[in-house]
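*Asks:*
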Amino acid sequence: MIRVLVADDHAAVRAGVVLILEGQPDIEVVGEAADGEAAVRAAVELRPDVVLMDIRMPRLDGISATRELAGVSDVLILTTFDLDEYVFGALRAGAAGFLLKNTDADALIQAVRVVARGDGLISPSVTRRLIRAFARTGEPEPHDLGVLTPREREVLACVTRGMSNAEIARALDMSEATAKTHVSRMLGKLGLRSRVQAAILYAGLPPLSR
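Counted from 1, the sequence shown has number 88 at position 88 by the UniProt record's numbering; the numbering is strictly sequential.
1) Please give me, in chain order, every unbroken run of the alpha helix (DSSP H) with length at least 4 that falls completely inside the UniProt domain "HTH luxR-type" (141-206).
2) Going by the beta-carbon positions, is the gap between Val-159 and Leu-91 smaller than 7 Å?
3) For Asp-8, which residues in the same chain have their Cβ closer than 6 Å to its Cβ, ignoring the five residues on either side in sequence?
4) Could you name the residues of the same chain whose beta carbon sits closer than 6 Å to that of Gly-120, not counting the 5 residues immediately before and after it, in chain order?
5) Check each candidate in Thr-66, Leu-99, Val-115 and Met-57 and name the one with the smallest Cα separation from Asn-165.
6) Curious, which full-length beta strand (DSSP E) runs of at least 3 residues does the UniProt domain "Response regulatory" (3-116) contain?
7) With 16 as the cutoff for other CB atoms within 10 Å, does Glu-32 come out buried or exposed?
8) Between Met-1 and Glu-28, is the Cβ-Cβ spacing less than 7 Å?
Written out as structure tokens, the structure reads:
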């Protein structure tokens with residue numbers, strides 16, 4: 001069962017999201033929060049698998065709340081705003097995904113499942129803009145990858161292609177649990193908070209030569 005916390009300052013939005021999610025046999029909404037501070041407190045107490053987080057909320061914004069929840073729960077940003085500053089801020093804070101509120105119900109449900117199993121995603125409407133923006137900052141220096149083992153380098157190449165843990169496991173002939181461990185170690189060594197960051201920063205990374 002996937003345990004979800006819904007954080008949004010609009011009661012009607014929370015009610016709609018809860019209605020959509022609670023109709024699924026594998027998803028349970030364990031709590032709601034109307035501001036960022038309440039979201040952090042609830043997540044620390046309830047330890048949900050996924051926090052659906054709005055960005056513009058009173059007391060503590062969604063980006064700051066996401067930063068505080070690193071290592072506690074995976075955060076999926078669900079917002080009306082796709083301004084670059086919000087998208088970049090959310091990803092740098094460690095959000096596992098970014099979706100707009102005009103996303104249809106089926107896509108929202110699938111997004112929760114994707115994030116819950118340790119994968120990441122970004123709304124298609126902002127993906128190209130993100131890649132262009134990060135490309136303008138320059139490619140990562142080669143020595144950045146020197147901290148990785150050859151296996152971790154292979155895993156990073158898979159992540160940049162948008163592969164899930166299950167797909168990485170099949171491609172590299174390992175268990176899904178082992179793939180997840182390699183992804184976590186790789187992110188830690190590169191100082192990244194999420195696989196989405198890795199996929200954007202190292203987009204176009206070629207496979208490891210054998």
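Even for Gly, the Cβ is constructed at its ideal location relative to N, Cα and C.
*Replies:* Judging by the given coordinates:
1) Secondary structure in the UniProt domain "HTH luxR-type" (141-206): the alpha helix (DSSP H) runs of 4 residues or longer, each lying completely within the stretch, are 150-160, 165-172, 176-190 and 195-201 in chain order.
2) Numbered from 1 along the sequence shown, position 159 holds the residue referred to as residue 159. Numbered from 1 along the sequence shown, position 91 holds the residue referred to as residue 91. Result no, Cβ atoms of Val-159 and Leu-91 do not sit closer than 7 Å.
3) In the sequence shown, the residue the question calls residue 8 occupies position 8. Excluding sequence neighbours, Asp-8 sits near Arg-14 and Asp-54.
4) Mapped onto the sequence shown, residue 120 falls at position 120. Cβ-Cβ distances below 6 Å link Gly-120 to Ala-96, Gly-97, Ser-194, Arg-195 and Val-196 in the same chain, with the five nearest sequence neighbours on each side left out; the list follows chain order.
5) By 1-based counting over the sequence shown, the position of residue 165 is 165. Among Thr-66, Leu-99, Val-115 and Met-57, the Cα nearest to that of Asn-165 belongs to Val-115.
6) Counting whole runs of 3 or more residues, the UniProt domain "Response regulatory" (3-116) contains the beta strand (DSSP E) stretches 27-33, 50-53, 74-79 and 97-100.
7) Here residue 32 refers to the residue found at position 32 when the sequence shown is read from its first residue. Buried: at least 16 other Cβ atoms inside 10 Å.
8) Against the sequence shown, residue 1 aligns to sequence position 1. Against the sequence shown, residue 28 aligns to sequence position 28. Their beta carbons are under 7 Å apart, which means Met-1 touches Glu-28 by this criterion.
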